[in-house]
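For our numbering, count along the sequence shown from 1 and bump the result up by 426.
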Amino acid sequence: MFRPKRIEPKPGQESVWDYPRPPRLEPSSKRIQVVFNGVTIADSQRSQRVLETSHPPVYYIPPKDIKMEYLVATNQQSFCEWKGVARYYTIVVGDKQAVDVAWYYPDPTPAFASLKDYVAFYPSRMDACYVDGEQVTPQPGDFYGGWITSDIVGPFKGSAGSWRW
């Protein structure tokens with residue numbers, strides 16, 4: 427199987443190729459912000475991030491730090507072999523909506539129990555997402571929902587030709 431050449435991280439950077447499989451869950455005190463249609467939907471320093479080989483981190487935000495009145499539960503579901511069954515939200519702010527752009531685990535697997543009801547957002551479908559004030563670049567491919575910042579190096583799964591990594 428083809429495996430891409432790892433980019434060597436510089437001091438203060440992390441390589442996604444050093445992240446584990448199965449993924450690891452860890453708390454983050456970085457300030458995470460999500461903006462949609464001019465409204466800051468989420469603002470937290472109590473998120474958790476999931477780290478998995480070849481993927482930039484996905485940040486999960488506690489509902490207490492989200493303006494939940496803008497999130498509408500949908501019937502959409504997906505399955506993660508590590509975390510379990512995910513449910514989705516559509517975001518509606520004013521006259522603009524984004525369908526199935528946030529997800530959560532109402533009953534996660536025991537290894538990810540602390541993620542229960544925390545919400546992750548696809549950064550590619552928001553106006554902007556920030557980690558400690560830095561606007562993130564969405565993970566390529568719009569499937570996994572990872573958040574790329576200057577302190578994360580790849581290459582990242584999701585780009586063309588990476589499906590079998």
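For every residue, glycine included, the Cβ atom is placed at its ideal position computed from N, Cα and C. Owing to the predicted nature of the structure, the values given are computational and were not obtained by experimental measurement.
* To which residues of the same chain is residue 578 closer than 6 Å at the C-beta, ignoring the five residues directly before and after it? -> 440 and 482
* Asked: With a CB to CB cut of under 6 Å and the five nearest residues on each side skipped, what residues in its chain are close to residue 525?
  -> 516
* Asked: For the beta strand (DSSP E) that contains residue 501, what are its first and last residues?
  -> 497-506
* Taking just the CA atoms, how far does residue 569 sit from residue 496? -> 23 Å
* To do: Under 6 Å Cβ to Cβ from residue 430, same chain only, skipping five residues before and after it: list those, please.
  => 581
* Asked: Mapping DSSP to helix, strand and coil, what is residue 525?
  -> strand
* How many angstroms separate the CA atom of residue 436 from the CA atom of residue 565? -> 20 Å
* For residue 445, collect the residues of the same chain with a Cβ closer than 6 Å to its Cβ; drop the 5 residues on either side in sequence, then sort them by chain order. => 477, 478 and 479
* Who are residue 531's beta bridge partners in DSSP? -> 542
* Taking the CB atoms as reference points, tell me whether residue 461 and residue 553 lie closer together than 7 Å. => yes
* **Delimiting residues of the beta strand (DSSP E) encompassing residue 473** => 473-478
* Asked: Counting pairs of Cβ atoms below 8 Å between the region 507-515 and the region 461-473, do you hit three or more?
  -> no
* **Whole-angstrom distance between residue 588 and residue 471, CA atom to CA atom** => 32 Å
* To do: Grab the span of the beta strand (DSSP E) containing residue 556 for me, first residue to last.
  => 554-557
* Should residue 475 be labelled buried (16 or more other beta-carbon atoms within 10 Å of its own) or exposed? -> buried
* Use the C-beta contact count for residue 499: other C-beta atoms within 10 angstroms, 16 or more gives buried, fewer gives exposed. => exposed
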